[in-house]
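To convert, take the position in the sequence shown, counting from 1, and add 99; that gives this note's numbering.
Data block below; observations after.
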Amino acid sequence: KGLGGIRTFFEELDKGATTSTVLKVVLAGDAMAGKTSLRNAVAGRPNPRQAEKDRTIHLDIEVVPIDEDLVLNIYDCGGQQEYLPGQLPYITRHALFVLMVEAPCAKDQFFEKSLERFLVLLQARAPGAVVLPVVSKVDDADAAGPLCEWFDGAAGKWFEKKLREAKSHGHEVKALHVEPALAVSVDRPESVQLLRDAISNVAKQSGLFPSVGQRIPLSYQDVLKTFGAVAERGANELALQALCDDAAKVLGETTAFSPHGAYRPYDELMALWGRFCETREDRRIANPVRVFVDATALWDAQGLVLIDGGLVVLQPSFVTEIIRPLVDHRLKNQVESGEIVEDAVTFVRESPELRDADVDNLYDELQGFVENGEIKSRLLLMFLWRRIVGLAREHLSQIIEMLAASGVILMLRREHGENRDVIAVA
């Protein structure tokens with residue numbers, strides 16, 4: 100921050116402060132490792148086991164209070180390999196990563212598939228991040244010790260090898276901070292409580308997560324209120340008016356979102372914040388830019404917003420709803436079996452601007468999409484996103500730009516004719 104930034108921080112604290120309590124937690128691991136069942140158990144649901152048909156597609160986000168001093172913002176990542184490109188923006192250094200492997204796979208022969216690819220991902224995307232290893236589906240408490248020893252030993256050997264390799268090539272590597280492994284079963288409530296306690300202890304450990312338990316200026320909440328106004332109102336001018344009228348809610352308390360408010364360029368949001376600060380005669384901020392930069396970094400660390408590719412994503416759950424249909428592994432079977440045809444017919448008939456002939460066009464594009472990942476028209480996007488409330492055709496350009504900027508999709512080429520951007524899912 101420098102001396103100026105530190106001075107600004109304490110000056111803002113003197114005007115009013117609150118305590119930061121939110122920790123971003125990312126559940127990572129192979130498909131069917133029990134991540135969602137574990138999230139349900141940590142959230143206190145009476146029947147936590149997740150049915151296979153309801154397994155996570157791409158990503159789910161849920162806020163789970165632990166106690167009055169700690170709230171978990173949980174990102175539950177689906178474990179299918181094809182979901183990974185759309186999950187990369189969520190892998191950030193300031194999160195706690197709960198890395199899971201199910202008990203039957205806690206063996207050397209499964210290490211590469213069940214663990215190594217995640218360790219490589221976390222080391223590359225989030226060096227220095229904190230990892231809490233969990234062996235799941237350990238219904239026999241007597242088996243817990245050996246399984247945890249295997250996890251700790253296998254991960255430890257892997258890190259020693261990678262650090263030696265890096266050093267031999269003259270590279271300095273900031274290793275992950277790996278906690279001792281835990282063995283958990285959602286059918287053993289005492290093991291779930293041990294996990295909750297471990298998360299709480301790690302979160303409040305000095306130096307690991309400075310954002311948890313930290314006193315922060317109330318002006319940081321005002322930045323979050325600016326984000327909430329944009330997310331809810333969509334247009335910047337409407338957001339500014341809501342802020343000036345004291346009618347805006349902080350992001351996280353907003354219940355309605357505008358598709359136009361899913362994201363903004365970082366600099367555009369900063370400019371809007373600056374304009375809001377200029378209207379506030381009652382609470383002048385000496386350095387609005389410094390407050391914006393520090394506050395936005397905090398909210399990004401907590402997963403309330405996502406900073407990626409020069410953009411600030413204000414509605415991570417909205418973006419998840421957009422990405423999910425693009426990576427849904429079930430779509431190929433639905434297309435190949437013809438199961439999707441009825442949905443396609445209904446979609447075309449309920450869209451006034453479409454004709455019956457568009458059913459064949461749509462089905463052809465669906466077949467091309469599941470074969471090679473290409474999206475050749477906005478007709479296909481509107482079909483894939485048909486269940487997203489409030490999404491209209493005029494929003495597509497913004498959404499495509501956002502997904503391209505964050506690397507989720509690739510712009511391959513532009514064909515002649517209206518709306519003929521050819522896209523591939525990364």
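A virtual CB, placed ideally from N, CA and C, is assigned to each residue, including glycine.
Contact belief for residue i with residue j at Cβ below 8 Å, rounded distance in angstroms
i: A302; j: K324; result: That belief does not hold up - the Cβ atoms of A302 and K324 are roughly 25 Å apart, past 8 Å.
i: L350; j: A330; result: 6 Å
i: L461; j: V121; result: With 8 Å as the limit, L461 and V121 do not qualify as a contact, their Cβ atoms being about 42 Å apart.
i: L126; j: L137; result: 7 Å
i: I298; j: L195; result: 7 Å
Cutoff 7 Å; reference residue i; Cβ partners in own chain excluding five residues on either side
i: R224; result: L187 and I190
i: D457; result: V447 and L478
i: L430; result: V469
i: V440; result: Y462
i: W249; result: A205
i: Q497; result: none
i: I156; result: G177, R423 and D427
i: P164; result: V170
Local conformation of residue i per DSSP, three classes
i: A202; result: helix
i: V272; result: coil
i: A282; result: strand
i: N139; result: helix
i: D407; result: strand
i: H515; result: Residue placement at H515 is poorly supported in this model, since its pLDDT is 45, which falls under 50; the coordinates are not used for a value here.
i: P226; result: coil
i: E420; result: helix
i: S235; result: strand
i: R148; result: coil
i: I105; result: helix
i: T445; result: helix
i: V311; result: coil
i: D166; result: strand
i: P451; result: coil
i: A116; result: strand
i: L413; result: coil
i: A456; result: coil
i: E259; result: helix
i: K266; result: helix
i: I298; result: helix
i: K303; result: coil
i: E435; result: helix
i: D427; result: coil
i: A194; result: coil
i: A253; result: helix
i: G133; result: coil
i: G128; result: strand
i: V507; result: coil
i: I498; result: helix
Neighbourhood of residue i by C-beta distance below 6 Å, restricted to the same chain and skipping five residues each side
i: Q313; result: S119
i: N139; result: P147
i: A328; result: A338, A341, L342 and A347
i: E151; result: none
i: E161; result: I173
i: D159; result: D175
i: N518; result: At N518 the pLDDT is 46, less than 50, meaning the model places this residue with poor confidence; the figure from the coordinates comes in the next sentence. R477, listed in sequence order.
i: D455; result: none
i: R389; result: G104 and T107
i: T419; result: L158
Closer than 7 Å: residue i CB and nearest the ligand ATP heavy atom
i: I384; result: You won't find the ligand ATP in this model; it holds no ligand whatsoever.
CB of residue i within 8 Å of CB of residue j, strictly
i: A228; j: L198; result: no
i: A202; j: K236; result: yes
i: Y365; j: L410; result: yes
i: L397; j: I315; result: yes
i: L465; j: V434; result: yes
i: A394; j: V322; result: yes
i: V277; j: V230; result: yes
i: F417; j: F482; result: no
i: A242; j: V200; result: no
i: T107; j: A385; result: yes
i: L246; j: V233; result: no
i: L294; j: V141; result: yes
i: D129; j: S213; result: yes
i: L262; j: A116; result: no
Contact set for residue i: own chain, Cβ-Cβ below 8 Å, skip 5 residues either direction
i: P226; result: R192, V272, K273, A274 and L275
i: P387; result: W372, G373 and C376
i: G467; result: E473 and K475
i: G516; result: Note that G516 scores 47 on pLDDT, short of 50, meaning its location in the model is unreliable and no value can be drawn from it.
| Continuous alpha helix (DSSP H) assignments of at least 4 residues falling wholly in the region 326 to 385 | Listed in chain order, they are 335 to 343 and 365 to 377.
| In the region 461 to 487, which residue ranges form an unbroken beta strand (DSSP E) of at least 3 residues, counting only runs that do not cross its ends? | Runs found: none.
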